[in-house]
Every structure is written in C-alpha cells, then in structure tokens.
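At position 293 of the sequence shown (counting the first as 1) the number is 293 in the UniProt record's numbering, and the numbers step up by one without a gap. Cβ atoms here follow ideal geometry from the backbone N, Cα and C, with glycine treated the same way. None of the values given here were measured: they were computed from a predicted structure. To start, the structure itself, in structure tokens.
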Amino acid sequence: MLDSSSLALKKDHESRPVWVSADGRIILETFSSVYKEAYDFLVAIAEPVSRPELVHEYRLTPYSLYAAVSVGLEADNIISVLTKLCKTTLPPNIVDFIRDSTKTYGKAKLVLQKGKYLVQSADTEVLKTLLSNKVIRAARIVKSNPGDGEKEDGLMSTVNTEQDAKFTFAGGETAVNDQTTLNALQKALDDDDDDEEESRQTLNDKKVFSFEVAGEQVEHVKRVCIELDYPLMEEYDFRNDSVNKSVDMDLKPIAKIRPYQEKSLAKMFGNGRARSGVIVLPCGAGKSLTGVTAACTIRKPTLCLCTSSVSVEQWRYQFSLWSTKPRDEVGRFAAGMS
C-alpha cells in the first residue's frame, strides 16, 4: 500500500484523466474527453501493464523514458503534461525520476550526413566531455583549415530549424509526430500556464555543435559513449544525402497504410531524418508494408536481412507488390541463389 495523502487533489480533478502514484504507476480513465491525446502521450513515455475497458494501467521505467527522449520529447515536456493530466499534484519523486532517467540520454546524436559521421549536440560541454575520452579523441577527424561554421575549439556549429510538425511518407501519407501530439494535448488541457509555448520550442532554432569521427571507428565511439552514460541516438540525414545514389521507388496507389503503421513510422522519421531503432508489430499487422513504406520514403539502396531463403523470396514479393520497383530489380543474396 502506498500513502498518497500528501498529494493534494485538484479542484477540477473530474476533468483530468490520470492518477500518478509514487511507485511509477499511471492509471488512465478511458472515458475522459482527452483520452485519445492522453493515450498517445502515455504510450510514448510509459510501458503498458493492462488495458481493460474503463481504465488503463501504465508504468514509468528508465527504458520507456529513454524511448520518449529518442523521439524528441524532453523531461520538462513530460513533467509539464503529466502535471496537467494528473488529478493530484505530481509526486516529487516521480519528477526526480524523470529528470534522472533522461539527464544524459538524447544529449548527443550520431548523424550520418553527406557520407560523414557527425557526433552532434546542442551543448558544447557534452561534446567536450566526450572528447576528453582518448578513444573518441583518436577517432575524431580534425580539419586542417576550419571553415566559417567552425569554432576555435574545432566544433562545427549549425542552426537547427527543421523541427517538422508533420512528415509525409511515401504514397502521400502524412503522420503527426510525438511533439505535435504533445502540443495538441497541452492546448486541450491549457489553463493559465505558459508551458505550451515552451514545449513548442523544444528544438526550434537551437544552435547545434558537432565534430566528425572516422567511419571505421564509429562502433568504438558508440561503445565508449554508452560506457560514459551518453548513449548516442543514431540518425540518417537522407534528405541531404548526395553521396548515396537515390532510388526511383514509390508506393503503388493500392498501398494504404493503417493508422498504427503510420504511428510506428512517425517514430522512425523526424526532422527530415530517419532514426535508428526497432518497430515491433504483431503477426499479421503488416510489418512488410511498413518496411516497404520506410524504404520508399528514404529512397536509397536498402538491404533487408532475413533469417531464411524463404523470407528472402517473401520480401522480394512484398517489394514488387507494394512498390513501383520491378521484381527483376530487387536483388537477392543467399546461399545457392544465382
């Protein structure tokens, strides 16, 4: 049993759909007028425990918060929205837990941009901390003639202005990302707070800094960053990739992605980039179409790793079924295949 008597019940608690307990459990009322927005938000930050008809139970974990940060949500945003959703004041230990779990994750990224690997962050101190490690320092590529966008300490600087509210997939489907969902929820719950404007400007117009590392040292850099508690979020800037040849491929008009496929793809794409990660869908949910849509969105040479020669043939068929790429242009590599 948890003693929650110290948490003050808000006057308008009937209109708020969530209970948050000190042990990280979150209870969501499905009959709330903001259920849909609250549901999308909780799925992004917490792990589902049970979801019967009238109430859903979730649990905050370090890994669920890591996943939230990886799709662009920040600690202040998460705390702000949970505070507005919650029927009581938010337990102080939950606020501390969210901040502690997200203080280093997402602070640095590994971006593949125009054939170069860049370690990128909005905080120069984070990059200096990473460069203090001898493995990362040895993997760094230092330009002999710094350009206009490079500081004296060798960190390149750019301005990030690409915080896309929506991203259009192959086939013309448009998906709303988690930051847009968060902003909509903020607006629906807005009373007299000023948090909405703050959440809208999470990454907009922020100056970001970076340094380049050698491609053959990338795996070593990633390993060391994990040991330093700064795991790198991996992104591919495919829109500005002039090194890899583009592939003339799109979805056929018959290919219509479902809302849950759209949501899973929205986790993968953002800021005009593709994020590294894993999309998990149940059997029969259309994972193949989701994968083909991702490939058609990036429009770069794509390698599908399969567990058997049967899977190779199945994926070849799926690409010819859903995309405009002819069957004879989908190559196969397997033992015994010519």
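In DSSP terms, what residue i is bridged to
i    : result
Y236 : L112, A274
F31  : Answer by DSSP bridge pairing: none, since F31 is not bridged.
L9   : T88
V213 : Y117, R140
Same chain, Cβ closer than 8 Å to residue i, neighbours up to 5 away in sequence not counted
i    : result
A8   : T88, T89
S276 : M233, E234, E235, Y236
R273 : V111, E235, Y236, D237, F238, R239
K287 : I279, L281
H13  : K87, T88
A68  : A44, I45, I78, T102, D178
A138 : Q217
S308 : none
When the options are compared against residue i, the one with the closest alpha-carbon
i    : options                : result
G331 : R316, L54, E37         : R316
P253 : S323, A46, K116        : S323
V247 : A285, K300, V224, K263 : K300
L130 : N244, I98, I226        : I226
F319 : D76, A294, V69         : A294
A285 : K256, A170, T297       : K256
P52  : K114, T30, K207        : T30
K143 : F333, A214, R59, T297  : A214
L127 : K245, D229, Q261       : D229
Buried versus exposed, by CB contacts within 10 Å (16 or more), residue i
i           : result
T290        : buried
A44         : buried
H56         : buried
K325        : buried
E37         : buried
S4          : exposed
residue 386 : The chain is shown only over 1 to 338; residue 386 falls outside these bounds and no answer can be derived.
P17         : buried
G115        : exposed
T83         : buried
L303        : exposed
P91         : buried
A165        : With a pLDDT of 47 at A165, under the threshold of 50, the modelled position of that residue is not reliable, and no figure is offered here.
L85         : buried
Assumed close pair residue i, residue j - CB separation to whole angstroms, cut-off 8 Å
i    : j    : result
S21  : L42  : So it is not a contact: roughly 14 Å between Cβ atoms.
M156 : S210 : 5 Å
G24  : L60  : 4 Å
A170 : D250 : 5 Å
6 Å Cβ shell around residue i - same chain, five flanking residues per side excluded
i    : result
V95  : I79
S101 : P62, L65
D193 : Reliability fails at D193, whose pLDDT of 47 lies under 50, so the model's placement of it is uncertain and no value is given.
E212 : K116, L118, I141
7 Å CB neighbourhood of residue i in its chain, flanking five on each side removed
i    : result
S264 : I279, L281, T290
H220 : V135, A139
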